[in-house]
Amino acid sequence: MHSGLILLLWLAAVASIQVLPSAALWPAVLSCAAAALLFARVRSLRLLRRIRLLLLAIVILFAWFTPGEALLLDWPRVGPSREGSALALLHGARLVAVVCAVALLLEHLPLARLIGGLYALSRPLRLIGVPPERLALRLLLVLRYVDASPRGHKPMHWKEWLEDESTGSDNPSVLLQRERLSRTDAVVALGVFGMLFWWSLG
3 MHSGLILLLW LAAVASIQVL PSAALWPAVL SCAAAALLFA RVRSLRLLRR
53 IRLLLLAIVI LFAWFTPGEA LLLDWPRVGP SREGSALALL HGARLVAVVC
103 AVALLLEHLP LARLIGGLYA LSRPLRLIGV PPERLALRLL LVLRYVDASP
153 RGHKPMHWKE WLEDESTGSD NPSVLLQRER LSRTDAVVAL GVFGMLFWWS
203 LG
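Per our numbering, the sequence shown starts with residue 3, numbered consecutively.
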């Protein structure tokens with residue numbers, strides 16, 4: 003399947019998580035978490051550790067600053083509200099689901115194909131003066147920098163990936179991988195867009 007189509011399907015799945023009602027959200031979150039722990043355990047745990055402060059901020063902002071019935075009866079004014087706690091749990095669950103989806107994408111879509119798919123999707127931006135090559139290159143440098151700088155190791159400088167091979171650098175040169183759209187990809191794309199159009203009319 004074309005990497006650009008994979009990214010579109012992934013974006014559609016992530017966007018659908020943000021609009022799911024509460025009854026359908028929890029099965030979706032549990033499914034994402036289970037899939038991430040099963041197929042991308044190390045990466046998903048690393049990403050979840052990196053957002054722990056953001057999750058804490060969500061809990062504090064929503065639970066303590068949303069008006070409503072006191073969750074702890076002993077602290078009616080300084081404690082969290084019941085409505086705010088529900089909102090914090092809801093938004094935190096959506097964030098966890100998205101992070102797990104990111105871990106699965108990064109684990110199973112090679113970096114070259116990921117950048118190539120982003121380049122293919124961003125090519126229309128050239129019409130408004132935004133070079134898609136620069137966008138893809140910047141994402142590539144960020145992803146390489148993160149993967150090459152694990153915890154406890156000295157960070158690598160991003161300029162190292164701009165060096166020519168003749169300089170003796172061990173890093174591969176930056177190449178934008180382009181893929182052809184097959185008939186199967188076209189059928190899948192038409193089917194997905196047709197379903198989205200029918201859903202929007204309903």
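For each residue, glycine too, the CB sits at the ideal point set by N, CA and C.
Within the stretch 73-124, note down every full alpha helix (DSSP H) run reaching 4 residues or more, in order along the chain. Taking only runs of at least 4 residues, the alpha helix (DSSP H) segments lying wholly in the stretch 73-124 are 84-110 and 113-124.
Applying the criterion that 16 or more other CB atoms from any shown protein chain within 10 Å of the CB defines a buried residue, is Leu-7 buried or exposed? By the neighbour-count rule (16 or more Cβ atoms within 10 Å), Leu-7 is buried.
Whole angstroms are fine: how far does the CA of Phe-64 sit from the CA of Ala-191? Roughly 38 angstroms between the two C-alpha positions.
Can you give me the Cβ contacts of Asp-187 inside the same chain, cut-off strictly under 7 angstroms, excluding the 5 residues immediately before and after it? If the five residues before and after Asp-187 are omitted, its C-beta is found closer than 7 angstroms to the C-beta atoms of Met-3, His-4 and Leu-7, all from its own chain and listed in chain order.
Taking the alpha-carbon positions, what's the Leu-22 to Leu-123 distance? Cα to Cα, the separation comes out at about 26 angstroms.
For Pro-69, the first and last residue of its enclosing alpha helix (DSSP H): For Pro-69, no alpha helix (DSSP H) segment is defined, and its DSSP state is neither H nor E.
For Ile-60, is the classification buried or exposed, using 16 other Cβ atoms within 10 angstroms of its Cβ as the cut-off for buried? Ile-60 is classed as buried because its beta carbon has at least 16 other beta carbons within 10 Å across all chains shown.
Neighbourhood of Leu-127 by C-beta distance below 6 angstroms, restricted to the same chain and skipping five residues each side: Cβ within range, chain order: Pro-134.
Judging by CA-CA distance, which residue of Val-189, Ser-33 and Ala-14 is the nearest neighbour of Val-98? The residue with the shortest Cα to Cα distance from Val-98 is Ser-33.
With DSSP collapsed to three states, give me the class of Ile-62. DSSP places Ile-62 within a helical segment (H, G or I) once states are collapsed to three.
Less than 7 angstroms between C-beta atoms, sequence neighbours within five positions excluded: which residues of the same chain meet that for Arg-125? Cβ neighbours of Arg-125 beyond the five flanking positions: Pro-134.
Is it buried or exposed, Ser-24, if we count other Cβ atoms within 10 angstroms and call 16 or more buried? Only exposed fits Ser-24, as fewer than 16 other CB atoms lie within 10 angstroms of its CB.
Outcome for Leu-74 when other beta-carbon atoms lying within 10 angstroms are tallied against a minimum of 16: Around the CB of Leu-74, fewer than 16 other CB atoms lie within 10 Å, so the residue is classed as exposed.
Mapping the DSSP letters down to three states, classify Ile-130 as helix, strand or coil. Looking at Ile-130 - three-state DSSP - the assignment turns out to be helix.
Does DSSP put Arg-185 in a helix, in a strand, or in coil? In this structure, Arg-185 counts as helix in the three-state DSSP scheme.
Under DSSP, the alpha helix (DSSP H) around Ala-42 begins and ends at which residues? It is not in any alpha helix (DSSP H) - Ala-42 carries neither H nor E in the DSSP assignment.
Smallest Cα separation from Ser-83: which of Leu-108, His-93, Ile-130 and Thr-68? Taking only the C-alpha atoms, the option nearest Ser-83 is Thr-68.
Using 7 angstroms as the cut-off, classify the Cβ of Ile-8 as near or not near the heavy atoms of the ligand ZN, replying yes or no. This structure simply doesn't include the ligand ZN, nor any ligand for that matter.
For Pro-29, name the three-state secondary structure that DSSP assigns. DSSP places Pro-29 in helix when its eight states are reduced to three.
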